[in-house]
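One structure is given below, encoded as C-alpha cells.
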Amino acid sequence: MARIGLISADERLRLRLETALEDNAHVFAVGADPAGLFQAVSVSRPDIAILDLDRIDGFRGSLNTATEVLRRFDPGLPVIAFGDAHDPSLVLSAVRAGCVDVLSRDDATSAIVTAIDRNLKALARPGREDVRFTLVLSAFGGDADAHLAVNLALAHARNGETLLMDAAAGAPEACAILDLSPNYWLQDAWRDLARLDRTLLKSVLPRHEGTGMKLLAGAASAHEDAIGPEAAFRVVSAVRSLYREVVLRMGPLREETVLAPLVEAADEVLLVCPQSITGVKEAKMLLSRVASESDTRAKVVLIVPEYDSSINLSTEQMQRALDVQTVHRIPPARTELLNAMNAARPSMIEAPNGAYTKFVERLALGPKAEEAPRGLLLRLAPRLLGKNR
C-alpha cells in the first residue's frame, strides 16, 4: 500500500484524507515544522507528499523551503500542494517549486481522491521517467504551429501512448488536419476533472486510426470562453500522468496567467515564429511575460517555418534577439502541408519521405537525433581515412 505523507498540523485534514483513501493508501502526518521536515521524511519515507499551504494549520515555512528539503530527501518524490487552486500566482509558484498538482481544500473529497489516485498510478507505471510534456506556442498567428503540433504528436505516437491537446476554440486546425470530429472538449475535461482517468478518456476522445493518437480539442465554438488558468493547469496535470507523451498547442491564447504555469511545467517549449521582424517582436514580448527566468528560457526551442535564406533575417539574428539556446529551421513545405490537409491525411502519413516529415521525426527524437549521425560517422571513420578493417 502506498504511503502518503501529509505536511500539515491540521488533524481534521489528515482524518479526511485517511478516511477517503483508506483502500488505496496509508496517510500519515509528517508534521509542519521546517526544522524537522528532513528527519521526518527520512524516517517515514513517503511515496507522495501532500504539502498543506494553509496559513494557520499548514506548513510553517515557505513553499520553496519545503520542496527544497523534499528534493534533498528524494529528487523524484511527487509533491501535491494544498492551497487555493483558483489563485494563478500560487499555482505558478507551486509549479516553479516542482509540485505535480495543486488542489484546493474546498475541492470535493472525490476530486481530491481522484487526483491523488492518478499520481499513485503514475508512480507505479513503468517508464514514468520517460513521460514528456511539450508545449507549442505561436508568436504570430497562422497555422504553422498546428501542423507542427499534429505531426509531432503523430511521430511520438509511434513509440507510445500520446495525447494531442489543442486549446484553440472553434473547431481548431488539428481537427481538420486529422479529419477528426470531437464530441468531447477541454471544457468537458475540466468539468469531469473529479473522474478524469484513462477509461473515461479512452471512451470519449477521438482516435487517429493510423497511430492510435488521441485528440483533446479546445471548444466546439469560437464564442465559448477560453480555458482559464486553473482549468488549463489542472487538466494538463491530470492527463500528463495518463500518457507517455502529451503535446499541447495553445493557438492564439496569450494570457500570461494561463501560459506561465504551463511553460514552467513543460519539458520543452516549441516557439513557432515567422522569419520577420514583426514575428520576432511578438515572440520577444511573449517570452518576456511567460519565460523571463533563465532556467525557463532554456527550455524554449525556436522553430522558424518556411525558412528562406534570401530573406535578410537569419536564424542566428532571431536567436540572439530572443535569447534562446536552440533554433531549428523548417524548410519550405507549404505545398506539402496543404496537399496533406486537403487529403485529410497529415504530412507524417501523406508524405512520409518529405522534408517536413523528416524534420519532425528528428525533432521528436530530441537529443537522440544528434547521437545517430555521430555514431554513423564513428563507424565510417576508418573507411573515410582509408583504414579499412
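All letters in the sequence shown, in the order written, are residues 567 to 955 by the numbering used here.
Backbone N, C-alpha and C define an ideal beta-carbon position, used for all residues, glycine too.
Please read all numbers here as calculations on a predicted model, not as lab measurements.
Take the Cβ of residue i as the centre, count every other Cβ of all protein chains shown within 10 Å, and call the residue buried at 16 or more, exposed below.
i      : result
Gln841 : buried
Glu577 : exposed
Ala956 : Since the first residue shown for the chain is 567 and the last is 955, residue 956 is missing from the structure and cannot be characterised.
Glu882 : exposed
Ala601 : exposed
Arg815 : buried
Lys865 : buried
Pro641 : exposed
Ser854 : exposed
Asp732 : buried
Gly597 : buried
Ser807 : buried
Gln753 : buried
Met884 : buried
Ile510 : In this structure the chain extends from 567 to 955, so residue 510 is not present and cannot be described.
Leu579 : buried
Met914 : buried
Thr633 : buried
Gly571 : buried
Ser608 : exposed
Leu581 : exposed
Met779 : buried
By DSSP, does residue i sit in helix, in strand, or in coil?
i      : result
Lys847 : helix
Arg815 : strand
Leu746 : coil
Gly602 : helix
Leu771 : coil
Leu808 : coil
His894 : strand
Ala586 : helix
Leu629 : helix
Thr862 : helix
Thr680 : helix
Ala674 : coil
Pro692 : In this predicted model, Pro692 has a pLDDT of only 48, less than 50, meaning its place in the structure is not dependable enough to derive any value.
Ala715 : helix
Ala734 : strand
Lys934 : Annotation note: pLDDT 48 at Lys934 (below 50); position unreliable, no value reported.
Leu658 : helix
Pro918 : coil
Gln885 : helix
Thr777 : coil
Pro840 : coil
Phe706 : coil
Arg911 : coil
Ser610 : helix
Glu902 : helix
Ser875 : coil
Ser854 : helix
Relative to the ligand GTP, is the shortest distance from any of its heavy atoms to the C-beta of residue i smaller than 6 Å?
i      : result
Val805 : Annotation note on the ligand GTP: not contained in the displayed structure, which lists no ligands.
Run through the DSSP bridge pairs and tell me what residue i is partnered with.
i      : result
Trp751 : Ala783
Gly571 : Phe594 and Ala615
Thr700 : Val813 and Glu834
Val957 : The chain is shown only over 567 to 955; residue 957 falls outside these bounds and no answer can be derived.
Leu669 : Phe648
Val870 : Arg895
Thr728 : Glu811
Could you round the C-beta distance between residue i and residue j to whole angstroms and report it? I think they count as a contact, below 8 Å.
i      : j      : result
Val867 : Leu837 : 7 Å
Val812 : Val805 : 6 Å
Ala740 : Ala723 : Not quite, the Cβ-Cβ distance comes to about 13 Å (not below 8 Å), so this is no contact.
Leu658 : Pro827 : 5 Å
Leu825 : Val856 : 4 Å
Met907 : Ala742 : 6 Å
Asp618 : Ser574 : 3 Å
Ala615 : Leu636 : 6 Å
Pro912 : Leu744 : 6 Å
Ala568 : Ala591 : 4 Å
Thr728 : Ala719 : 5 Å
Tyr922 : Leu903 : 7 Å
Val963 : Ala831 : Not covered by the structure: residue 963. The range shown for the chain is 567 to 955.
Leu730 : Leu781 : 5 Å
Ala785 : Glu927 : No, Ala785 and Glu927 are not in contact; Cβ-Cβ is about 31 Å, not under 8 Å.
His894 : Leu929 : 7 Å
Ala797 : Trp751 : Ala797 to Trp751, Cβ: 11 Å. No contact.
For this session: May I ask you to verify whether the segment 678-692 touches the segment 701-714, counting CB pairs closer than 8 Å and requiring at least 3?
Result: Judged by Cβ distances under 8 Å, the segment 678-692 makes no contact with the segment 701-714, as fewer than three pairs qualify.
Task: Three or more C-beta pairs below 8 Å linking the segment 640-652 and the segment 808-827 - done: no
Does the segment 568-588 touch the segment 671-678, meaning 3 or more C-beta pairs lie closer than 8 Å? yes
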